[in-house]
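Enquirer:
Number of protein chains: 2
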Amino acid sequence: MERIKCGSLRKDNIEQEVTLKGWVQKRRDLGGLIFIDLRDRSGVVQVVFNPETSGEALKTAENVRSEYVLEVKGHVVARDGQTVNPNLGTGEIEVAAEDVTILNKAKTTPFMIEEQSEVSEDLRLKYRYLDLRRKEMQETFKLRHKTTQSIRNFLNEEEFLDMETPMLTKSTPEGARDYLVPSRVHEGEFYALPQSPQLFKQLLMISGFEKYYQIARCFRDEDLRADRQPEFTQVDIETSFMSKEEIMAMTERMMKRVMKEVKGQDIETPFLRMPYYEAMERFGSDKPDTRFGLELVNISEDVKGSGFKVFSNAVSSGGQVSAINVEGKADDFSRKDIDKLTEDVKIYGAKGLAWLKVKEGTLNGPISKFFSEDEAVNLMRRLRAKDGDLLLFVADKTSVVQDSLGALRQKLARSLDLIDHSKFNFLWVTDWPLFEYDEEEGRYHAAHHPFTMPAGGNLEELKKNPKDVQAEAYDIVLNGYELGGGSLRIYQKEMQQEMFEVLGFSQEEANDQFGFLLEALDYGTPPHGGIAFGLDRLVMLLAGRTNLRDTILFPKTASAQDPMTNAPGDVSEAQLDELHLQLKLTSKSDSDE
Amino acid sequence: MERIKCGSLRKDNIEQEVTLKGWVQKRRDLGGLIFIDLRDRSGVVQVVFNPETSGEALKTAENVRSEYVLEVKGHVVARDGQTVNPNLGTGEIEVAAEDVTILNKAKTTPFMIEEQSEVSEDLRLKYRYLDLRRKEMQETFKLRHKTTQSIRNFLNEEEFLDMETPMLTKSTPEGARDYLVPSRVHEGEFYALPQSPQLFKQLLMISGFEKYYQIARCFRDEDLRADRQPEFTQVDIETSFMSKEEIMAMTERMMKRVMKEVKGQDIETPFLRMPYYEAMERFGSDKPDTRFGLELVNISEDVKGSGFKVFSNAVSSGGQVSAINVEGKADDFSRKDIDKLTEDVKIYGAKGLAWLKVKEGTLNGPISKFFSEDEAVNLMRRLRAKDGDLLLFVADKTSVVQDSLGALRQKLARSLDLIDHSKFNFLWVTDWPLFEYDEEEGRYHAAHHPFTMPAGGNLEELKKNPKDVQAEAYDIVLNGYELGGGSLRIYQKEMQQEMFEVLGFSQEEANDQFGFLLEALDYGTPPHGGIAFGLDRLVMLLAGRTNLRDTILFPKTASAQDPMTNAPGDVSEAQLDELHLQLKLTSKSDSDE
């Protein structure tokens, strides 16, 4: 008899004979009866063993423990009115067992399955296969599947071709640190795992495929944070002949489709667009979370002549003064609370956090004495301040003001519970600078990557004044996370050569690393551009999780280890010999574990 | 105005104003007119520039060369009756150009695009982006896309979850050679790139996901042949609670769907099944090509008493004699031709190739004198031989007989053009031995992998008599290629431990390498099994190609190099230092390139 899914049984199935296969979620013995909650991927159903109809099965059931794997045969029956469980899909019925087979036994698991368990993440990762049995995890990976399919279906319908680029590629020093793979055949040489398929997807445009996508694994050997993993998955898209507007509109259609199919939500398009400069000014972030207010207001013009020298000096020395109005919260913050906030902004280099409270139409606080009545009125007008509001100020270099108030804004929103978690606020950040200047190294870095088209494709500006050149680039932001980014690419050889020159490559270096691209640009390269998304991060946001590891089946820890398999691990001398390598360990030990 | 696809234009579009973007396939100047074949992903259309309507565009067109990228505006017009090209989808129309923009120029390409060019594969790989412009290549990768989507759609509908397993995993000495990835954080330790997601997909079954699939990149650092690549793509499937029959039936539904959607062909299911023993006996191969006959016939019983000692001795010393009847070809093979065939079988260790020709109801040839009339009649009956047939014999150890005649069978089929290339003959090979005995090492190897369930799940047989135990394994074969294989897996800890013991693992070694799997088997592992296919090979067969490299966008050469990017390549001292490595080069040179 064909197996029936546990979670699918309903009142309509009453009297039906069924075969179930699944795991014992729980066993309860009650007045000579045995109740087993049987769980499979679809959900849980209650199975009852009783002396009258279950016969030998009752005896077997007595030996059953949590997480045993069972095959149960029986009939679906209605539950007594009293025992109906309205919280369970299958709560109106149960299965009266007639036969049971123990398919496999289970030892006591190191932690309870299905609890919101207080277990350490290390233990959960060591027994990841058990942690993945929890309903929350099962739901997350079903959602991941659904998201992937939704994206694929959309792109297939729009005539994108799903194409696989190589994993064993060439190492290039530009960008993040590569994972390397030693070659056995070519002594002393290495492949690199791709940080992204960027160059290959551009070559596919040069090949004339016009519309490419790939859900691609990418690798970066960087120190990890909560939202970084050594390997991550990217939805990678590239098109020929499409304008920036067309690429952005296509992306919006895709996100609309995903939100509808995965979350059942209609989202509005086009998404809000915000120039990079405005995002930094108003939100102190290049990936603003627009689900709440607490915007930064630049009051430099208002206070440049202020008697409060901290403010006026900041402005006169080329910095700025910005403020956040924490509306209605003046009474919620003691001096001690504000001291704590001050510590927070100091992390970002701010020398202090000035504050004022509005009471009875006037400014109060230690610095209020520096402001004339006119100045105070103007300040309140600029900050839309009213009685009961708390005003927080940072006066410093522009980058410090933006970074510190940006971080403070987010911290306040969380602690004051100002975030509507049902919202999905998509946003484009546009008009990025093409370069970042690295003061330490005295050189330019590409803000996105060295293949990004300068705004307007202006070669002369690029040569003359690289610092001020903007990029034909666009980042997509969701709820304060950078979901992805893209750009139009350089498709003229001269422009690409100039780009490498600005980045400090000698001609030899450029040819050595990117010669194949430069050569390819000679043979009829179409205008092209694209975008790439972090799939793990998108799934994290759609699933309402906060840890990227919860969206990856077998993630690595912060030290890039897998506690389950113990990867990475030792390899044999013979393996090293074949790869023409020897270890060069520091003196401290043979192994750092 | 929206861009129109070149290849989409038909008579219905006549008088329509269009904007086209694409590559110059060819330019011809004829009586003051310029004809350009403009190509994009969809196909080619003829664009005409003439002095009356094209104006400035005609001037621009004069400078245009092959592979330039153009934007053309114009109107669709009917071609003159004489100039209609019935071989081209767009052959009834052309576009009268009114405006043209050169989007990018192109140097003369190192080989012609669209020719069946006689260019070396190395040059084609160096300029892969140009080679990929050829129609044949474009079609192959469109077919690959279609195949992938067809597989995904099928598996999604059957409720399989698309799940991503790690690429940075642990090295295990069992199986092929791993590609290693040195760890920066953990001195002297390495990750390995996966040879397949085998263990992870089994763990996902232990996690309760029940139906998993992944189109997964896999890696093997082995010496390459025409049908091997360092990285390849596998359609990887695993299920819980499904029987072998259910898995095979599901696979057949999937192949039926792919053949219908990709090739428009209805194929019959269920597929033919053949035990391994029979495949070796009848076809001399564990992946028989059943599109043609030339079957091997084991005549050991018939010749064991023969006066021809080569035959009778082979049988009496434990070997066998088998024959192939090359029907109707007696006159096509001279003694010299047969000498050539003899050289071929010697490659496989055969000492010689005996032969007989049937003429006027009797056997002819140098060995015919050894057979009595009765023996000759019996032999002809057994081999269904009739006048004009050529009979070829090998007498030797069974493995030599099968290997040599199996190879000869394929060679004859090709040279005699016996293969119907429109056929897609799917076939299951079943009842595999669980182990292969390695005479040299004096140990057993797993014929599939060490997680394969012994037939009937018989632990006692496994302990007592491993040599004769069969596997719950099934390979799927298409036209003589192994397309994929699968098995039920061991889900009981004791069985898995016994398996490792037979394979010669000490308990410590087993725990060191597979401890996490053994431990996982303790916690409620469901019965499970699956299958995996080589996607590259499937695409190769569906596209009618013979070289695996033609199905991979950026393949490696036989020495695992990419002539385009020059991967693998040198890395810096700093990179090696960070990875705690130094090179250990042999004396011959610093680099072998």
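Protein chains in written order, with the working numbering: chain A, 1 to 593; chain B, 1001 to 1593. Every residue gets a Cβ at the ideal spot worked out from N, C-alpha and C, and that includes glycine.
With 16 as the cutoff for other CB atoms within 10 Å, does SER1334 (chain B) come out buried or exposed?
Expert: Counting Cβ neighbours within 10 Å, SER1334 (chain B) comes out exposed, since fewer than 16 surround it.
Enquirer: Flag SER221 (chain A) as yes if its beta-carbon sits less than 8 Å from any beta-carbon of chain B, otherwise no.
Expert: The question names Ser, yet the displayed sequence has Asp at residue 221 (chain A). Yes, ASP221 (chain A) lies at the interface with chain B (some Cβ there is under 8 Å from its Cβ).
Enquirer: For the candidate residues A:VAL571, A:THR109 and A:VAL400, whose alpha-carbon lies nearest to that of ASP1522 (chain B)?
Expert: Closest option to ASP1522 (chain B), Cα to Cα, is A:THR109.
Enquirer: Tell me, which residues are paired with ILE1215 (chain B) by DSSP?
Expert: Answer by DSSP bridge pairing, in chain order: B:VAL1235.
Enquirer: Examine chain B for any beta-carbon lying closer than 8 Å to the beta-carbon of LEU9 (chain A), and answer yes or no.
Expert: LEU9 (chain A) does not count as touching chain B.
Enquirer: Just the C-alpha distance for PHE283 (chain A) and GLN470 (chain A), rounded to the nearest angstrom, thanks.
Expert: C-alpha separation (whole angstroms): 20 Å.
Enquirer: Please report how far the alpha carbon of THR452 (chain A) lies from the alpha carbon of MET255 (chain A), in whole angstroms.
Expert: Each residue's Cα considered, the two are about 23 Å apart.
Enquirer: Does the beta carbon of ALA1413 (chain B) come closer than 8 Å to any beta carbon on chain A?
Expert: Answer no: the Cβ-Cβ gap between ALA1413 (chain B) and chain A never drops below 8 Å.
Enquirer: Closer than 7 Å between beta carbons: that is the criterion. Which residues of the stretch 516–531 of chain A meet it against chain B?
Expert: Within the stretch 516–531 of chain A, the qualifying residues are PHE516, ALA520, ASP522, TYR523, GLY524, THR525, PRO526 and PRO527.
Enquirer: Could you pull the start and end residues of the beta strand (DSSP E) that SER322 (chain A) belongs to?
Expert: Counting along the chain, the beta strand (DSSP E) containing SER322 (chain A) begins and ends at 320–326.
Enquirer: Given that ILE206 (chain A) touches chain B, what residues does it touch there, using C-beta distances under 7 Å?
Expert: Those within 7 Å of ILE206 (chain A) in chain B are TYR1129.
Enquirer: Do you know offhand how far TRP355 (chain A)'s Cα is from VAL326 (chain A)'s?
Expert: In a straight line, the C-alpha of TRP355 (chain A) is about 11 Å away from that of VAL326 (chain A).
Enquirer: Quick check: SER285 (chain A) and GLY406 (chain A), are their CB atoms within less than 8 Å of each other?
Expert: In contact: SER285 (chain A) and GLY406 (chain A) (Cβ atoms closer than 8 Å).
Enquirer: Starting from ALA446 (chain A), follow its DSSP beta bridges and name the residues at the other end.
Expert: DSSP lists A:PHE435 as partners of ALA446 (chain A).
Enquirer: Enumerate in chain order the residues of its own chain whose CB-to-CB distance from ASP577 (chain A) is below 7 Å, with the five nearest sequence positions on each side excluded.
Expert: No residues qualify anywhere along the chain.
Enquirer: Cβ atoms of GLU158 (chain A) and MET250 (chain A): under 8 Å apart, would you say?
Expert: Yes, the pair counts as a contact, with Cβ atoms nearer than the cut-off.
Enquirer: Among B:ARG1128, B:ARG1381, B:ASP1344 and B:LYS1463, which residue has its Cα nearest to the Cα of PHE200 (chain A)?
Expert: The candidate whose alpha carbon is nearest that of PHE200 (chain A) is B:ARG1128.
Enquirer: Using the three-state DSSP reduction, which class does SER312 (chain A) fall into: helix, strand or coil?
Expert: In this structure, SER312 (chain A) counts as helix in the three-state DSSP scheme.
Enquirer: In chain order, what residues of the same chain lie with their CB nearer than 7 Å to the CB of PRO1051 (chain B), ignoring the 5 residues before and after it?
Expert: So the qualifying residues of the chain are GLY1032 and LEU1058.
Enquirer: When you compare the CB of ASN1566 (chain B) with every CB in chain C, is at least one pair closer than 8 Å?
Expert: You won't find chain C in this structure, because its protein chains are A and B.
Enquirer: Tell me whether SER591 (chain A) is buried or exposed, calling it buried when 16 or more other Cβ atoms sit within 10 Å of its Cβ.
Expert: In this prediction, SER591 (chain A) has a pLDDT of 46, which is less than 50 and means its spatial position is unreliable; what the coordinates show is noted afterwards. By the neighbour-count rule (16 or more Cβ atoms within 10 Å), SER591 (chain A) is not buried but exposed.
Enquirer: In the DSSP assignment, find the unbroken beta strand (DSSP E) run with MET1274 (chain B) in it and report its ends.
Expert: From DSSP, the beta strand (DSSP E) with MET1274 (chain B) extends over 1272–1275.
Enquirer: Taking 8 Å as the CB-CB limit, is ASN1156 (chain B) close to chain A?
Expert: With 8 Å as the cut-off, ASN1156 (chain B) counts as an interface residue toward chain A.
Enquirer: Is there a C-beta anywhere in chain B that falls below 8 Å from the one on PHE111 (chain A)?
Expert: With 8 Å as the cut-off, PHE111 (chain A) does not count as an interface residue toward chain B.
Enquirer: When the cut-off is 8 Å and only beta carbons count, does THR83 (chain A) lie next to chain B?
Expert: No, its Cβ sits nowhere closer than 8 Å to a Cβ of chain B.
Enquirer: Quick check on LYS170 (chain A): does DSSP put it in helix, strand or coil?
Expert: Three-state result, LYS170 (chain A): coil.
Enquirer: So the alpha helix (DSSP H) SER1113 (chain B) belongs to, where does it begin and stop?
Expert: A quick correction: the sequence has Ile, not Ser, at residue 1113 (chain B). Neither: ILE1113 (chain B) is in no alpha helix (DSSP H) and is coded neither H nor E.
Enquirer: According to DSSP, is PHE426 (chain A) part of a helix, a strand, or is it coil?
Expert: Note: PHE426 (chain A) maps to strand in three-state DSSP.
Enquirer: Show which residues of chain B have a CB atom less than 9 Å away from the CB atom of HIS145 (chain A).
Expert: Result: ASN1156, PHE1160, LEU1161, ASP1162 and MET1163.
Enquirer: Who are the Cβ neighbours of LYS556 (chain A) in its own chain at under 7 Å, not counting the five residues just before and after it?
Expert: So the list reads GLN229, PRO230 and ASP562, once near-sequence residues are dropped.
Enquirer: State the DSSP-derived secondary structure class of SER559 (chain A), mapped to helix, strand or coil.
Expert: In this structure, SER559 (chain A) counts as coil in the three-state DSSP scheme.
Enquirer: For LYS146 (chain A), which three-state DSSP category applies?
Expert: Three-state DSSP puts LYS146 (chain A) in a helix.
Enquirer: Identify the continuous alpha helix (DSSP H) that holds VAL377 (chain A) and give its terminal residues.
Expert: It spans 373–382 - the alpha helix (DSSP H) in which VAL377 (chain A) sits, taken as one unbroken run.
Enquirer: Per DSSP, what kind of secondary structure is VAL1394 (chain B) in: helix, strand or coil?
Expert: VAL1394 (chain B): strand per DSSP, three-state reduction.
Enquirer: Does any residue of chain B bring its CB to less than 8 Å from the CB of ALA471 (chain A)?
Expert: No, no contact with chain B.
Enquirer: Excluding sequence positions up to five away, which residues of its chain have a Cβ less than 6 Å from the Cβ of LEU1607 (chain B)?
Expert: Chain B is shown only over 1001 to 1593; residue 1607 (chain B) falls outside these bounds and no answer can be derived.
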